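A.B. asks: Heads up: the sequence shown runs through residues 35 to 477, numbered per our numbering.
Yeah, the Cβ is synthetic: ideal placement off N, Cα and C, and Gly gets one too.
The model shown is predicted, which means the values in this text are computed figures rather than measured ones.
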Amino acid sequence: MSSNRDQFTSKLGFILAAAGSAIGLGAIWKFPYTAGTNGGSVFILLFILCTLLIGLPILMSEFLIGRRAQADAVSAFKKEAPNKPWFLAGWLGVLVSALILSFYGVVGGWILSYLFRAVTFQLDGGTEEHYGALFSDLISNPVEVIFAQALFMFITIFIVQGGIKGGIERAGKWMMPALFIFFILLAIRSLTLDGAIEGVKFMFVPDWSYFNMETLLNALGLAFFSLSVGVGAMITYASYLPKTETITSSAFNVAWMNIAISILAGLVIFPAVFALGYSPAQGPGLVFIILPAVFEQIPLGSVLVIVFFVLLLFATLTSSMSLLEITVSVFVKDNYASRRKYAWIVGIVIFIAGIPSALSFGHWSDVSIMGKSIFDFIDYMTANVGMPLGALAFSLFVAYYYKTSITQNELNLPTPMYWIWRVAVCFVAPIAIIIISVYNLFA
Ligand code: TRP
Numbered sequence: 035m036s037s038n039r040d041q042f043t044s045k046l047g048f049i050l051a052a053a054g055s056a057i058g059l060g061a062i063w064k065f066p067y068t069a070g071t072n073g074g075s076v077f078i079l080l081f082i083l084c085t086l087l088i089g090l091p092i093l094m095s096e097f098l099i100g101r102r103a104q105a106d107a108v109s110a111f112k113k114e115a116p117n118k119p120w121f122l123a124g125w126l127g128v129l130v131s132a133l134i135l136s137f138y139g140v141v142g143g144w145i146l147s148y149l150f151r152a153v154t155f156q157l158d159g160g161t162e163e164h165y166g167a168l169f170s171d172l173i174s175n176p177v178e179v180i181f182a183q184a185l186f187m188f189i190t191i192f193i194v195q196g197g198i199k200g201g202i203e204r205a206g207k208w209m210m211p212a213l214f215i216f217f218i219l220l221a222i223r224s225l226t227l228d229g230a231i232e233g234v235k236f237m238f239v240p241d242w243s244y245f246n247m248e249t250l251l252n253a254l255g256l257a258f259f260s261l262s263v264g265v266g267a268m269i270t271y272a273s274y275l276p277k278t279e280t281i282t283s284s285a286f287n288v289a290w291m292n293i294a295i296s297i298l299a300g301l302v303i304f305p306a307v308f309a310l311g312y313s314p315a316q317g318p319g320l321v322f323i324i325l326p327a328v329f330e331q332i333p334l335g336s337v338l339v340i341v342f343f344v345l346l347l348f349a350t351l352t353s354s355m356s357l358l359e360i361t362v363s364v365f366v367k368d369n370y371a372s373r374r375k376y377a378w379i380v381g382i383v384i385f386i387a388g389i390p391s392a393l394s395f396g397h398w399s400d401v402s403i404m405g406k407s408i409f410d411f412i413d414y415m416t417a418n419v420g421m422p423l424g425a426l427a428f429s430l431f432v433a434y435y436y437k438t439s440i441t442q443n444e445l446n447l448p449t450p451m452y453w454i455w456r457v458a459v460c461f462v463a464p465i466a467i468i469i470i471s472v473y474n475l476f477a
């Protein structure tokens, strides 16, 4: 059966793929702006707690389900729990991941647009207003935004149609370390700006007035989004893992790397925000406005910013391909020949579904659903409703459907660690998800 399914050839390949899926716009774009609108420190603390106590145990659960079943997110449940409704959780994941990709492609397009501006040296030499205007001009220009989104989706589809492993294993090996180094460099520059300390305080000195259920839900949603859990992405990737490979250390690696990149991104953005006199709470444009301003402060910044946006593009693509792969793998199953066809069909449908999100910053900015723009609405529904629901289903599945002996054997953890995981997926994660979701539903 597995002969014509893709398989990772090494454990490193798998870690890189999983980390590549996780580390992307979530850590680098969404984390800073969501932390910015949620008051900083307390949100960041809750985000780390949600990642470790809820996201990580569920990530391990997804790995476990995928590696055991060796099948896509829908078939995995049909295989593991025949004639039970669990496979519906797989379909929910397919729907939610497609919706995520619909707006992810829009932001991917923004990155391409910025890369184009970097290459043509339109990013340097700006004043503070210049960077703000640059961003608002871009997002309100329908032709450029949709063209860039189409191009980004095209690249994503192109990679996925050829099978996921080859490209990631090769690119991932140098991309992730390079990105780390860049962020450390940028953080040093940002932290040495005059007045940078205010940004550090914003990140680490708690302002408890922000401690409420809404902040908690946002932190939970971001933790899921950032780790790529709750929609079966990691079930899909783990299904390409030979049964002999261990999954626990991979999950830990993904979680800590993701937190590290998020904090680093924060240390690049917030010190600069305060030092240069911007507002931390300006929403999705934050990173696009601040980053060029930081590069401006660096010798050779106008060249380095090109390299940076290339790396950012790679990080974004390794995430978008995992989002597309979920749906494609459900249709392709083990019939490798049809992969190309489905990659295109699914990818184009998702591109079209994303057009309203692309327009929601310009022509359609008046359209609102439940008080949110189309883009914000889809973002909110996926991260704060869809993913928690999927995560709840996955955690209940491994917690109550699998016998202890099975999970113990699969995870292969020392006994105390195993029980920590067990308590987390049986109680902590489901109860927290239910309380936070229900509270926010009626708040
Ligand atoms: N985690 C990715 C990021 O932070 C986004 C992503 C990729 C994702 N695959 C996913 C989110 C699956 C949820 C589910 O950019």
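CB of glycine 70 to nearest heavy atom of the ligand TRP: below 7 angstroms?
C.D. replies: no
A.B. asks: Grab me the residues of asparagine 446's own chain with a C-beta within less than 8 angstroms of its C-beta, minus the 5 sequence neighbours each way, in chain order.
C.D. replies: The beta carbon of asparagine 446 sits closer than 8 angstroms to the beta carbons of Thr280, Thr282 from its chain, once the five residues preceding and following it are set aside; these are given in chain order.
A.B. asks: Suppose you measure from the CA of valine 321 to the CA of tryptophan 63; what does that come to, to the nearest Å?
C.D. replies: 6 angstroms
A.B. asks: Which full runs of the alpha helix (DSSP H) of 4+ residues lie inside the segment 207-245, going along the chain?
C.D. replies: 231-238
A.B. asks: Among Leu423, Thr190, Asn292, Thr278, whose alpha-carbon lies nearest the alpha-carbon of leucine 83?
C.D. replies: Asn292
A.B. asks: What do you get for alanine 52, buried or exposed, if any count of 16 or more other CB atoms within 10 angstroms of its CB means buried?
C.D. replies: buried
A.B. asks: Just to confirm, does methionine 187 get its C-beta within under 7 angstroms of one of the non-hydrogen atoms of the ligand TRP?
C.D. replies: no
A.B. asks: Is it buried or exposed for phenylalanine 155, if we count other Cβ within 10 angstroms and need 16 for buried?
C.D. replies: exposed
A.B. asks: Mind checking whether phenylalanine 259 and methionine 421 have CB atoms under 8 angstroms apart?
C.D. replies: yes
A.B. asks: Measure from the alpha carbon of tyrosine 271 to the alpha carbon of each residue in Phe411, Ala110, Lys437, then state which is nearest.
C.D. replies: Ala110
A.B. asks: Closer than 8 angstroms is the cut-off here; do at least three beta carbon pairs connect the segment 381-394 with the segment 136-144?
C.D. replies: yes
A.B. asks: For serine 75, does the count of other Cβ atoms within 10 angstroms reach 16, so buried, or fall short, so exposed?
C.D. replies: Classification for serine 75: buried.
A.B. asks: If you check the beta carbons only, do alanine 257 and glycine 58 fall under 8 angstroms apart?
C.D. replies: no
A.B. asks: Excluding five sequence neighbours on each side, which residues of the same chain lie with their C-beta closer than 6 angstroms to the C-beta of valine 364?
C.D. replies: Asp106, Val108, Val128
A.B. asks: Any idea what DSSP makes of alanine 463, helix, strand or coil?
C.D. replies: If DSSP states are grouped into helix, strand and coil, alanine 463 belongs with the helices.
A.B. asks: Report yes if the CB atom of valine 432 is closer than 8 angstroms to the CB atom of isoleucine 99, and no otherwise.
C.D. replies: yes
A.B. asks: Would you list the one or two residues that DSSP bridges to isoleucine 384?
C.D. replies: Answer by DSSP bridge pairing: none, since isoleucine 384 is not bridged.
A.B. asks: Around the C-beta of aspartate 413, are 16 or more other C-beta atoms found within 10 angstroms, so that it is buried, or is it exposed?
C.D. replies: Buried: at least 16 other Cβ atoms inside 10 Å.
A.B. asks: In angstroms with no decimal places, state the Cα-to-Cα distance between proline 318 and tyrosine 67.
C.D. replies: 6 angstroms
A.B. asks: By Cβ distance below 6 angstroms, which residues in the same chain neighbour methionine 35 in space, the five residues on each side in sequence not counted?
C.D. replies: For methionine 35, the pLDDT reaches just 38, beneath the cut-off of 50, and the residue's location in the model is therefore unreliable, although a value from the coordinates is still provided. Hits under 6 angstroms: none found.
A.B. asks: Drop a sphere of 10 angstroms on the beta-carbon of isoleucine 469, count the other beta-carbons inside from all chains shown, and report buried for 16 or more, exposed for fewer.
C.D. replies: Exposed is the call here.
A.B. asks: Can you tell which of Leu275, Gln183, Phe97, Phe348 has the C-alpha that lies nearest to the C-alpha of serine 44?
C.D. replies: Leu275
A.B. asks: What does the alpha-carbon distance come out to for the pair serine 37 and alanine 371?
C.D. replies: Low confidence applies to serine 37: its pLDDT is 44, below 50, so where it sits in the model is not reliable, and the reading given next is rough at best. Using only the alpha carbons, I get a separation of about 13 angstroms.
A.B. asks: Which of helix, strand or coil does DSSP assign to lysine 112?
C.D. replies: helix
A.B. asks: Check methionine 35 in the structure and name its three-state DSSP category.
C.D. replies: Caution is warranted here: a pLDDT of 38 is assigned to methionine 35, below 50, making its placement in the model unreliable, and the coordinate value is therefore given only provisionally. Of the three classes helix, strand and coil, the one that applies to methionine 35 here is coil, per DSSP.
A.B. asks: May I ask you to list the residues that DSSP assigns as paired with isoleucine 403?
C.D. replies: Lys406
A.B. asks: Inspect the beta-carbon positions of glycine 311 and glutamate 444 and report whether they are closer than 8 angstroms.
C.D. replies: No, these two residues do not count as a Cβ contact at 8 angstroms.
A.B. asks: Is it true that the segment 205-214 meets the segment 428-442, where meeting means three or more beta-carbon pairs spaced less than 8 angstroms apart?
C.D. replies: no
A.B. asks: Between the segment 211-229 and the segment 345-352, do at least 3 Cβ pairs fall closer than 8 angstroms?
C.D. replies: yes
A.B. asks: Go through the residues and name those whose CB comes closer than 6 angstroms to any heavy atom of the ligand TRP, in chain order.
C.D. replies: Ser55, Ala56, Gly58, Leu59, Gly60, Ala61, Ser131, Ile134, Phe259, Ser260, Ser262, Val265, Ala267, Ser353, Ser356, Leu357
A.B. asks: According to DSSP, is phenylalanine 348 helix, strand or coil?
C.D. replies: helix
A.B. asks: Which parts of the segment 117-159 are runs of the alpha helix (DSSP H), unbroken and 4 residues or longer, counting only runs that do not cross its ends?
C.D. replies: 121-153
A.B. asks: In terms of residue numbering, what span does the alpha helix (DSSP H) encompassing serine 394 cover?
C.D. replies: Segment: none, serine 394 is in no alpha helix (DSSP H) and carries neither H nor E.
A.B. asks: How close, in whole Å, do the beta carbons of tyrosine 244 and glycine 73 come, if the pair is a contact with beta carbons under 8 angstroms?
C.D. replies: 3 angstroms
A.B. asks: Could you name the residues of the same chain whose beta carbon sits closer than 7 angstroms to that of tryptophan 125, not counting the 5 residues immediately before and after it, in chain order?
C.D. replies: Closer than 7 angstroms at Cβ, skipping near neighbours: Val108.
A.B. asks: Spatial neighbours of alanine 56 within its chain, please: CB distance less than 7 angstroms, with the 5 preceding and 5 following residues excluded, ordered by chain position.
C.D. replies: Ser260, Leu261, Ser262, Val288, Asn292
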